[in-house]
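For the sequence shown, full-length UniProt numbering begins at 1 and goes up steadily by one. Data first, discussion second: the structure below is written as structure tokens.
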Amino acid sequence: MSLITLTTDFGTKDHFVGAVKGAIYSELPDAKIVDITHHISPFNITETAYILKNAYKSFPEKTIHIIGVDSELSKTNKHIALELDNHYFICPDNGLISMIASEIKPTKIVEINIHNHIESSFPVLDVFVQVASHIARGGSLNVIGKEINSYKNIVEIQPKINQDQTVIIGGVIYIDNYGNVITNINKKLFNTIGKGRDFTITASRYTFNKVYNRYNEIVDYSAKDNNQFDGEKLAIFNSAGFLEIAIYRSNLDTVGGASNLLGLEYRSTITIEFKTVITPEFTTIN
């Protein structure tokens, strides 16, 4: 039985998701299909990359991941299939792989060339399903495309570091269901550059000097009313290891979330400035 995941910006109102699933079952009646999400913001590549990077690792090896975001074929947006971390990905070469492959490099990448035999304005249905079915049957990637050595990179996904390594400049790449704001700065980079130094995180006009590991670390359980901490802002390394600006027990319908309460949105700049360690000067006495 083949396990195939779907990640798209199709939504669930239209026929697109149903048509793709029907085509997979027509090719592979015993397939198991899992929806990661169909509610990616339209054409949002960084959001796609963040969600997929943190979801695919929970699936068994050899899972096939079909990604339908910004998937229309063009001269600058080719279609690729690749093997990475013992998983298969079928997607447009629009830069989303550069985040997924930031730490683990692909074993093999091919540029899909079966378009020569298929005319389609809906490549996820007509092309990606065919590729997924071929892989599920044990077929080689080389049969459906020519091997290539590179893929498109998105610069905005990668945070920048100043020359003397005292400042990390990142940005917002995703806003979750609670309104929490996720940045492209991960804990590994923070620790590597920070080296235990004091720091100031600046997000819009707000600053933070501490990063929590759990949301409820902000609560003082000796207080008479723990609810007084609801709505407090905090910085945290989330379960995916990325720096997040959050509101404790946020609710977009009542308390609000970090995105609207702090005025942060997709691509907003987040800066971390580490304090410079001053080496004391010593005078030699003769």
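Every residue, glycine too, gets a C-beta built ideally from N, C-alpha and C. Being a predicted model, the structure only gives us computed values, none of them experimental.
Considering only their Cβ atoms, is the gap separating residue j from residue i smaller than 7 Å?
{"i": "tyrosine 215", "j": "tyrosine 174", "result": "no"}
{"i": "lysine 108", "j": "leucine 141", "result": "yes"}
{"i": "glycine 171", "j": "threonine 269", "result": "yes"}
{"i": "serine 71", "j": "valine 124", "result": "yes"}
{"i": "histidine 38", "j": "threonine 12", "result": "yes"}
{"i": "serine 204", "j": "leucine 264", "result": "yes"}
{"i": "isoleucine 168", "j": "isoleucine 193", "result": "yes"}
{"i": "serine 222", "j": "alanine 136", "result": "no"}
Counting C-beta neighbours from all protein chains within 10 Å, is the total for residue i 16 or more, i.e. buried, or is it exposed?
{"i": "asparagine 162", "result": "exposed"}
{"i": "tyrosine 25", "result": "exposed"}
{"i": "asparagine 209", "result": "exposed"}
{"i": "aspartate 164", "result": "exposed"}
{"i": "glycine 68", "result": "buried"}
{"i": "serine 259", "result": "buried"}
{"i": "valine 155", "result": "exposed"}
{"i": "glycine 139", "result": "exposed"}
{"i": "aspartate 9", "result": "buried"}
{"i": "glycine 257", "result": "buried"}
{"i": "threonine 207", "result": "exposed"}
{"i": "asparagine 113", "result": "exposed"}
{"i": "serine 250", "result": "buried"}
{"i": "isoleucine 104", "result": "exposed"}
Suppose the cutoff is 8 Å on Cβ atoms and the five residues either side in sequence are ignored; what does the same chain contact list for residue i look like?
{"i": "isoleucine 100", "result": "Ala49, Leu52, Lys53, Tyr56, Leu84, Phe89"}
{"i": "glycine 22", "result": "none"}
{"i": "valine 211", "result": "Phe190, Ile201, Ala235, Ile236, Phe237, Leu243"}
{"i": "valine 110", "result": "Ile80, Ala81, Leu82, Leu141, Asn142, Ile144, Gly145, Lys146, Glu147, Ile148"}
{"i": "aspartate 176", "result": "Ile182"}
{"i": "proline 106", "result": "Leu82, Glu83, Leu84, Ile97, Tyr151"}
{"i": "lysine 187", "result": "Phe237, Gly241, Phe242, Leu243"}
{"i": "asparagine 213", "result": "Ile236, Phe237"}
{"i": "isoleucine 185", "result": "Pro159, Ile168, Gly170, Phe242, Leu243, Ile270, Ile272"}
Please go through the same chain and pick out, in chain order, the residues whose beta-carbon is closer than 6 Å to the beta-carbon of residue i, but skip the five residues on each side of it.
{"i": "lysine 275", "result": "Arg197, Asp198"}
{"i": "phenylalanine 128", "result": "Ile66, Ile90"}
{"i": "residue 315", "result": "No answer is possible for residue 315: the residues shown for the chain start at 1 and end at 286."}
{"i": "serine 133", "result": "Glu27, Leu28"}
{"i": "glutamate 61", "result": "Asn86"}
{"i": "alanine 19", "result": "Leu125"}
{"i": "valine 17", "result": "Phe10, His38"}
{"i": "threonine 271", "result": "Ile169, Thr202"}
{"i": "isoleucine 36", "result": "Thr5, Thr7, Ala55"}
Determine whether the Cβ of residue i lies closer than 7 Å to any Cβ atom of chain B.
{"i": "valine 127", "result": "Looking at the structure shown, chain B is missing, and only one protein chain is on hand."}
Which same chain residues end up closer than 7 Å to residue i when comparing Cβ atoms and leaving out the 5 residues on each side of it in sequence?
{"i": "threonine 166", "result": "Glu273, Phe274, Thr276"}
{"i": "asparagine 94", "result": "Ile45, Asp70, Asn77, Lys152"}
{"i": "serine 120", "result": "Asp126, Val127"}
{"i": "tyrosine 266", "result": "Val172, Ile175"}
{"i": "lysine 160", "result": "Ile169"}
At least three beta-carbon pairs within less than 8 Å, the region 17-35 to the region 85-104: no
In chain order, what are the residue ranges of uninterrupted alpha helix (DSSP H) at least 4 long that sit wholly in the region 61-140? 97-100, 129-136
Does the region 231-251 come close enough to the region 177-187 that 3 or more CB-CB pairs lie under 8 Å? yes
Segments of 3+ residues assigned as beta strand (DSSP E) that fall wholly inside the region 194-256: 199-203, 206-208, 233-237, 242-247
Threshold first: 4 residues or longer. Then list the alpha helix (DSSP H) segments lying entirely within the region 9-49, N to C. 16-27
Any alpha helix (DSSP H) of 4 or more consecutive residues that is wholly inside the region 161-198: List check, alpha helix (DSSP H) in window: 187-194.
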